[in-house]
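Asker:
Number of protein chains: 2
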Amino acid sequence: MSSPKVDLDTMRHSCSHVMAQAVLDMFPEVKLGIGPTIENGFYYDFDLPRTLIPEDLPILEKKMKHIVKQSQKFKKYEEPADESIKFFKKIKQNYKVELIKDLVKDGEKKVSFYENIDNQGKGTFVDLCKGPHVEHTGQIGPFKLTSIAGAYWRGDEKRPMLQRIYGVCFPTQKELDEHLEMLEEAKKRDHRRLGIDLELFIFDNEVGAGLPLWLPKGAFVRHKIMEFAFNTYLKNGYDPVCTPHIASADLWAHSGHLDFYSDEMYGPMMIDEDEYRLKPMNCPLHVKMYLHRNRSYRELPMRWTEMGTVYRYERGGVLHGLTRVRGFTQDDAHIICTPGQLKDELSRALNLTLYILKTFGFEDFEMNVSVRDPENSEKFIGEAKDWKMAEKTLKEVLHESGFKDYEYDIGGAVFYGPKIDVKVADSLGRKWQLSTIQFDFNLPTRFGMKYIGEDGKEHTPFMIHRALLGSLERFIGVLIEHYAGAFPAWLAPAQARILPVSDQFLKYSEKVCEELKEAGLRVEVDYSSDTLGKKIRNAEMAKIPYMLVVGEKEVKEGTVAVRDYATKKQEVMKVDAFKKKVLKEVEV
Amino acid sequence: MSSPKVDLDTMRHSCSHVMAQAVLDMFPEVKLGIGPTIENGFYYDFDLPRTLIPEDLPILEKKMKHIVKQSQKFKKYEEPADESIKFFKKIKQNYKVELIKDLVKDGEKKVSFYENIDNQGKGTFVDLCKGPHVEHTGQIGPFKLTSIAGAYWRGDEKRPMLQRIYGVCFPTQKELDEHLEMLEEAKKRDHRRLGIDLELFIFDNEVGAGLPLWLPKGAFVRHKIMEFAFNTYLKNGYDPVCTPHIASADLWAHSGHLDFYSDEMYGPMMIDEDEYRLKPMNCPLHVKMYLHRNRSYRELPMRWTEMGTVYRYERGGVLHGLTRVRGFTQDDAHIICTPGQLKDELSRALNLTLYILKTFGFEDFEMNVSVRDPENSEKFIGEAKDWKMAEKTLKEVLHESGFKDYEYDIGGAVFYGPKIDVKVADSLGRKWQLSTIQFDFNLPTRFGMKYIGEDGKEHTPFMIHRALLGSLERFIGVLIEHYAGAFPAWLAPAQARILPVSDQFLKYSEKVCEELKEAGLRVEVDYSSDTLGKKIRNAEMAKIPYMLVVGEKEVKEGTVAVRDYATKKQEVMKVDAFKKKVLKEVEV
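Shown next, in the form of structure tokens:
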């Protein structure tokens with residue numbers, strides 16, 4: 003149907019025009035907003051006379067298919083800006099008028115349009131647009147309108163709320179089907195839904211938005227992940243530190259956070275006459291500990307780690323389950339080192355990142371290097387030579403770790419230094435930014451951090467921030483979707499549930515339970531009076547890694563009939579063999 | 003010297019008069035404040051023409067000894083209040099004038115005095131005083147003036163700052179000597195000093211008063227203690243939960259904290275239009291999780307534990323190292339149970355308390371039961387029958403655990419329920435209140451907590467709060483003094499340090515270090531070029547449990563010369579034998 007030579011993004015953009023044309027056909031009074039492409043598809047914002055309902059989407063899709071079938075041509079032309087404003091005013095497209103006025107402010111004299119022309123040479127739809135577009139609508143591949151949402155005009159809560167229609171579009175039906183299937187699967191794995199179903203966490207209005215409350219099972223998983231990461235860091239030469247969740251405003255002024263980061267910080271609170279703030283980052287507190295006495299090069303590198311809970315303001319509208327919250331725990335660390343130690347430390351941090359992420363079954367990594375824009379050097383602090391050296395070192399480290407391909411974002415660095423961000427693909431292929439390794443040229447200078455070098459003179463150390471899981475809350479949110487809620491045995495709150503076929507096997511069940519518990523496994527017995535079928539369904543709903551069915555044969559032979567949640571296979575084993583199998587499996 | 007029949011408190015009170023007499027002799031212009039007895043001694047507050055220096059104390063002691071030797075009689079008499087005011091005005095004792103005016107306000111018409119009379123029948127010192135006193139100063143036992151401090155008149159920061167002299171007084175010289183020795187030892191063990199010397203924690207003005215920053219070694223000890231307690235709770239049928247450090251003011255209004263506890267709470271902070279508060283307690287957040295769905299009796303008892311960091315306001319003047327801070331972590335738990343489960347749960351909580359405390363070497367416990375005052379029942383919420391039952395249960399549980407003697411404090415209960423507080427004696431015999439087990443009749447009612455009973459009807463569960471270490475910060479402060487900074491091997495940041503006699507044994511040292519580390523021990527090598535003597539002194543200063551000296555003989559025989567910090571004994575062992583010994587020792 004579609005030409006394979008057509009650029010994906012161009013095709014999706016054209017598809018958004020076709021959707022707008024269909025909407026205009028359905029609602030002649032519609033006022034058009036904007037319609038850009040996004041990952042896998044596009045959207046378009048509309049000001050409509052009534053609220054859309056899901057049933058509208060198939061109607062629109064039918065109209066769109068009709069337009070595609072007609073192979074309407076995309077024709078580009080330019081007009082003077084003032085003429086165009088008049089034109090859009092006349093047809094009452096006030097959002098377009100506003101857009102052109104902004105272009106004029108930016109110095110544009112002419113604006114460009116794309117018009118769809120049908121096979122009778124008649125214009126069917128025209129939109130203010132820079133393009134490019136496909137030649138004709140026949141080149142648009144299979145598509146589907148996926149959802150409707152509200153969106154403020156220009157993202158501003160004080161402007162009108164428009165209705166946004168999302169769609170996806172692919173070169174082939176197979177790709178579209180696969181994508182839709184993935185979306186369906188993603189919906190099932192939504193961590194917000196699984197969080198409730200599996201009793202992992204809740205949010206509560208009276209407590210406050212974006213502040214998760216971890217129920218026992220969720221808190222257990224969180225504890226296990228934290229324990230694993232923390233112990234891994236200690237084994238890898240990190241030392242623990244621990245700092246309070248609040249500090250006086252003086253500290254945040256000194257660190258520069260009140261200047262550069264106050265929008266993300268919670269409002270002040272008073273203690274006696276002093277103003278305090280919740281910490282949005284742990285860094286200045288670690289710096290304070292470094293400063294408490296003189297330091298020598300012999301103490302470097304220092305690697306200080308803290309499971310530090312920080313609070314950052316997010317607008318209510320962008321909060322999303324665990325992946326976007328207002329309070330979260332970072333597996334934070336600061337590495338303070340000499341210039342000579344820098345590369346080795348970065349390399350260690352990167353390898354540790356990969357080890358940690360691989361432990362959770364992530365295998366597909368995308369590296370992003372964000373550096374400063376030398377054309378805009380006033381937006382970044384620190385010496386040009388330090389930036390150059392740091393950026394060079396980051397790239398070398400990636401190369402030497404086998405990452406020859408990476409995204410390179412000029413100007414994407416934080417104001418205080420360049421960084422590597424690691425994105426991982428989950429089991430559905432969706433990418434999530436998790437780990438970050440960042441340079442900091444700000445705090446060492448601001449706080450006058452020094453060490454006495456081998457030469458007996460004072461030097462300023464380098465400081466690296468790193469958070470490998472990133473935010474624990476976000477990480478667990480991603481993990482729940484990655485595992486579809488079925489945590490591997492080493493993380494699962496209950497690793498096995500024993501299901502007696504009937505009450506007469508309870509005693510044996512309890513004996514097996516005790517034996518496994520003594521070996522350190524987390525096991526429970528189903529004491530309900532349910533049928534075996536119901537017991538199995540309940541254990542599957544709870545996504546417990548192993549079900550141990552126990553009946554007359556098992557009692558006689560000292561075995562358990564093991565049903566594996568992941569493989570759905572069943573196998574009868576001696577209790578001891580099962581014990582050994584799981585103990586081996588949970589060794590991380 | 004002193005009569006054994008003399009009441010200790012009376013004798014100490016008399017000693018404070020003698021001190022005032024000596025001060026008056028030295029500074030005739032002195033204005034006298036008050037001079038009560040305290041544990042082991044007394045103090046007296048003075049308004050003096052110059053600041054006291056430590057060298058003043060022996061001079062005063064000499065004068066006091068002289069007065070004691072004279073066996074001056076204590077003579078009591080009463081005077082009309084108005085006459086007394088005139089008298090004190092005349093001799094310019096304005097603080098005494100204020101005290102009498104307050105007595106008059108309380109309805110007193112007469113006030114009593116004690117006058118010291120020397121052997122010529124001459125009055126030497128007179129003080130406004132209710133008494134009682136010893137018959138004569140010769141009955142006062144050995145004493146010592148211990149320190150000078152500033153103290154606001156009547157504890158009010160807006161009134162003048164007086165100078166307070168502290169003294170101790172005992173029936174016998176032996177008891178005084180022992181006490182002074184204990185004070186000397188306590189000074190050496192002061193956790194604020196050891197905290198700095200051993201690099202455990204710091205406080206920082208820019209961060210804020212009462213907010214400890216845990217340096218690596220302190221953070222490690224803190225982590226180990228937390229890990230031990232947390233794992234112990236999980237093994238004992240507790241489930242973990244985890245909640246944020248802030249919640250909206252709505253929650254704290256609902257829980258009653260804004261009514262009953264706001265003085266201890268940090269000021270409000272705004273998020274969008276909503277007011278938030280730092281949590282002073284974890285309870286309402288746990289209650290919220292209980293409420294998120296219907297509960298059945300089958301789920302009870304529920305035991306939810308959280309290492310919850312809370313923030314409570316304390317006046318700057320009362321902050322003291324780790325034992326009185328503004329932010330601390332509780333090893334908190336809430337047990338929610340049916341009436342039938344109550345006694346067993348309290349008994350389990352008490353036994354767990356003893357197990358936890360004994361693990362840290364505490365052996366001497368004092369139980370305190372605090373109940374409501376039935377005469378003042380309006381100060382306590384909940385039904386009389388519930389209080390009665392709860393108090394009875396607490397006492398029964400103590401009895402059955404072998405605590406027949408306990409302090410009983412009528413009216414000392416918290417407003418929401420009776421409690422058991424556990425005080426422990428440290429290695430110097432000083433008592434510290436650590437653990438608490440409390441009933442809560444407030445929250446279950448306020449939040450409408452319910453469960454469906456076996457009868458199919460709704461019931462209100464009982465709720466028990468308990469914190470066994472209490473505040474981790476306070477606990478570690480006590481522990482540092484209890485251990486004099488020498489942590490037992492299971493808690494020590496470094497368990498052993500290898501001291502090569504010279505550099506040629508470094509290779510063997512490293513091999514031993516690796517072997518021990520692989521077994522999970524925390525070992526380091528002294529790489530310095532110091533002499534062996536200096537290396538030993540450094541390891542002793544760092545209070546490392548084991549020093550492993552390594553020289554030619556040890557290399558040849560595959561041994562280490564183990565010096566035990568605690569016993570100061572030295573013993574040569576095979577590396578493997580040392581490994582086994584320590585591994586056995588650190589099993590908690």
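Residue numbers (this note's numbering), protein chains in the order written: chain C, 3 to 590; chain X, 3 to 590.
The C-beta atom is built at its ideal place from N, Cα and C for all residues, glycine as well.
Near Lys112 (chain X), what residues of its chain come up, given a Cβ to Cβ distance below 8 Å and the 5 sequence neighbours on each side ignored?
Answerer: For the purposes of this step, residue 112 (chain X) is taken as residue 110 along the second sequence, with counting starting at 1. Same-chain partners within the cutoff: Glu80, Glu81, Pro82 and Ala83.
Asker: Indicate the three-state DSSP secondary structure (helix, strand or coil) for Trp306 (chain C) in the structure shown.
Answerer: Taking the first residue of the first sequence as position 1, residue 306 (chain C) is located at position 304. Looking at Trp306 (chain C) - three-state DSSP - the assignment turns out to be strand.
Asker: Whose Cβ in chain C lies nearer than 9 Å to the Cβ of Lys290 (chain X)?
Answerer: Taking the first residue of the second sequence as 1, we reach residue 290 (chain X) at position 288. Result: Ile204, Asp206, Glu208, Val209 and Leu215.
Asker: Between Val128 (chain C) and chain X, is any beta-carbon pair separated by less than 8 Å?
Answerer: As a first step, residue 128 (chain C) must be located in the first sequence, where it is residue number 126. No, no contact with chain X.
Asker: Alpha carbon to alpha carbon, how far is Lys91 (chain X) from Glu57 (chain X)?
Answerer: Here residue 91 (chain X) is taken as the residue at index 89 of the second sequence, counted from 1. Here residue 57 (chain X) is taken as the residue at index 55 of the second sequence, counted from 1. Their backbone Cα atoms lie some 32 Å apart in a straight line.
Asker: Using three-state DSSP, classify Met163 (chain X) as helix, strand or coil.
Answerer: Taking the second sequence and counting its residues from 1, one reaches residue 163 (chain X) at position 161. Strand, per DSSP.
Asker: Ala494 (chain C): buried (16+ other C-beta within 10 angstroms of its C-beta) or exposed?
Answerer: Position 492 of the first sequence, counting from 1, holds the residue named residue 494 (chain C). Buried.
Asker: Taking only the alpha-carbon atoms, compute the straight-line gap between Ala563 (chain X) and Lys576 (chain X) and give it to the nearest angstrom.
Answerer: Residue mapping note: residue 563 (chain X) aligns to position 561 of the second sequence, counting from 1. Residue mapping note: residue 576 (chain X) aligns to position 574 of the second sequence, counting from 1. Cα-Cα distance, rounded: 9 Å.
Asker: By DSSP's criteria, His467 (chain X) is part of a beta bridge. Which residues make up the other side?
Answerer: Taking the first residue of the second sequence as 1, we reach residue 467 (chain X) at position 465. According to DSSP, which records beta bridges pairwise, His467 (chain X) is partnered with X:His336 and X:Gln440.
Asker: Between the stretch 321-338 of chain C and chain X, which residues of the former have CB atoms less than 7 Å from a CB of the latter, in chain order?
Answerer: For the stretch 321-338 of chain C, which is checked against every Cβ of chain X, the residues closer than 7 Å are Gly329.
Asker: Between the alpha carbons of Gly363 (chain C) and Val25 (chain C), how many angstroms are there, rounded?
Answerer: Working through the first sequence from its first residue, we reach residue 363 (chain C) at position 361. Working through the first sequence from its first residue, we reach residue 25 (chain C) at position 23. Approximately 44 Å, taken between the alpha carbons.
Asker: CB-CB under 8 Å to Ala249 (chain X), same chain, minus the five flanking residues each way: which ones, in chain order?
Answerer: Working through the second sequence from its first residue, we reach residue 249 (chain X) at position 247. Closer than 8 Å at Cβ, skipping near neighbours: Tyr278, Arg279, Lys281, Pro286 and Leu287.
Asker: Select from X:Glu308, X:Arg317 and X:Met543 the residue whose C-alpha is nearest the C-alpha of Leu474 (chain X).
Answerer: Taking the second sequence and counting its residues from 1, the one referred to as residue 474 (chain X) is at position 472. The candidate whose alpha carbon is nearest that of Leu474 (chain X) is X:Glu308.
Asker: What is the DSSP secondary structure of Gly152 (chain X), reduced to helix, strand or coil?
Answerer: Sequence index remark: in the second sequence, residue 152 (chain X) carries index 150 (1-based). Strand at Gly152 (chain X).
Asker: Taking 8 Å as the CB-CB limit, is Leu287 (chain C) close to chain X?
Answerer: The residue labelled residue 287 (chain C) in the question sits at position 285 within the first sequence. Cβ-Cβ to chain X under 8 Å: yes for Leu287 (chain C).
Asker: Please determine if the stretch 459-467 of chain C and the stretch 335-347 of chain C are in contact, where contact requires at least 3 C-beta pairs separated by less than 8 Å.
Answerer: Yes, since at least three Cβ pairs between the stretch 459-467 of chain C and the stretch 335-347 of chain C fall closer than 8 Å, the two stretches touch.
Asker: Are there 16 or more other CB atoms within 10 angstroms of the CB of Val118 (chain C), so buried, or fewer, so exposed?
Answerer: In the first sequence, counting from the first residue as 1, residue 118 (chain C) sits at position 116. Note that residue 118 (chain C) is Asn in the sequence shown, not Val. It counts as buried.
Asker: Within a Cβ cutoff of 6 Å, which residues of the same chain sit near Trp254 (chain X), ignoring the five residues on either side of it in sequence?
Answerer: Within the second sequence, the letter at position 252 stands for residue 254 (chain X). The answer, listed in chain order, is Leu260 and Arg279.
Asker: For chain C, find out if any of its Cβ atoms is closer than 8 Å to the Cβ of His225 (chain X); answer yes or no.
Answerer: Sequence index remark: in the second sequence, residue 225 (chain X) carries index 223 (1-based). Judged by the 8 Å Cβ criterion, His225 (chain X) is in contact with chain C.
Asker: Whose Cβ in chain C lies nearer than 7 Å to the Cβ of Cys244 (chain X)?
Answerer: Counting from one through the second sequence, the residue named residue 244 (chain X) turns up at place 242. Under the 7 Å cutoff, chain C gives Trp216, Ala221 and Arg224.
Asker: So what's Glu137 (chain C) in DSSP terms, helix, strand or just coil?
Answerer: Position 135 of the first sequence, counted from the first residue, corresponds to residue 137 (chain C). If DSSP states are grouped into helix, strand and coil, Glu137 (chain C) belongs with coil.
Asker: Starting from the N-terminal side, write out each stretch of the beta strand (DSSP E) that is 3 residues or longer and does not extend beyond the stretch 177-258 of chain C.
Answerer: Listed in chain order, they are 248-250.
Asker: Mind pulling the chain C residues with CB within less than 9 Å of Ala249 (chain X)?
Answerer: Reading the second sequence from its first residue, position 247 is the one you call residue 249 (chain X). In chain order: Asp206, Glu208, Val209, Gly210 and Leu213.
Asker: Fully enclosed by the stretch 60-124 of chain X, which beta strand (DSSP E) runs are 3 residues long or longer?
Answerer: DSSP runs (the beta strand (DSSP E)) wholly in the stretch 60-124 of chain X: 75-82 and 112-119.
Asker: List, in order along the chain, the chain X residues whose C-beta lies closer than 7 Å to that of Asp252 (chain C)?
Answerer: Taking the first residue of the first sequence as 1, we reach residue 252 (chain C) at position 250. Residues of chain X passing the Cβ test: Glu208.
Asker: Any idea what DSSP makes of Asn370 (chain C), helix, strand or coil?
Answerer: For the purposes of this step, residue 370 (chain C) is identified with residue 368 of the first sequence, where counting begins at 1. The answer is strand: DSSP assigns Asn370 (chain C) an E or B state.
Asker: Helix, strand or coil for Ser4 (chain X)? Go by DSSP, reduced to three states.
Answerer: As a first step, residue 4 (chain X) is located in the second sequence; it is residue number 2 there, counting from the start. Confidence at Ser4 (chain X) is low in this model, with a pLDDT of 42, below 50, so the placement of that residue should be treated as unreliable; the coordinate-derived value is given next. Of the three classes helix, strand and coil, the one that applies to Ser4 (chain X) here is coil, per DSSP.
Asker: Please confirm if the stretch 128-138 of chain C is in contact with the stretch 61-76 of chain C, defined as three or more CB-CB distances below 8 Å between the two stretches.
Answerer: These segments touch.
Asker: In three-state terms, what does DSSP make of Ser298 (chain X)?
Answerer: As a working mapping, residue 298 (chain X) is identified with position 296 in the second sequence. Residue state, collapsed to three classes: strand.
Asker: Nearest-angstrom Cα distance between Ser5 (chain C) and His15 (chain C)?
Answerer: Residue mapping note: residue 5 (chain C) aligns to position 3 of the first sequence, counting from 1. Residue mapping note: residue 15 (chain C) aligns to position 13 of the first sequence, counting from 1. Low per-residue confidence applies at Ser5 (chain C): pLDDT is 45, beneath 50, and the placement is therefore not dependable, though the value from the model is reported in the following sentence. Spanning the two alpha carbons is a distance of roughly 15 Å.
Asker: Could you name the residues that DSSP lists as bridge partners for Phe44 (chain C)?
Answerer: To locate residue 44 (chain C), count along the first sequence from 1; it is residue 42. Its beta-bridge partners are C:Thr39 and C:Gly169.
Asker: On the criterion of 16 or more Cβ atoms from any shown chain inside 10 Å, does Pro51 (chain X) qualify as buried, or is it exposed?
Answerer: Sequence index remark: in the second sequence, residue 51 (chain X) carries index 49 (1-based). With fewer than 16 Cβ atoms within 10 Å of its Cβ, Pro51 (chain X) is classed as exposed.
Asker: DSSP three-state call for Asp27 (chain X): helix, strand or coil?
Answerer: As a working mapping, residue 27 (chain X) is identified with position 25 in the second sequence. Three-state result, Asp27 (chain X): helix.
Asker: Find the residues of chain D that neighbour Thr311 (chain C), judging by a C-beta separation of less than 9 Å, and give them in chain order.
Answerer: You won't find chain D in this structure, because its protein chains are C and X.
Asker: Specify, as a first and last residue, the run of the alpha helix (DSSP H) that Thr447 (chain C) falls within.
Answerer: In the first sequence, residue 447 (chain C) corresponds to position 445, counting from 1. Run containing Thr447 (chain C): Leu445 to Arg448, per the alpha helix (DSSP H) assignment.
Asker: If you run the structure through DSSP and keep just helix, strand and coil, what is Asp566 (chain X)?
Answerer: Numbered from 1 along the second sequence, position 564 holds the residue referred to as residue 566 (chain X). Here Asp566 (chain X) sits in strand by DSSP.
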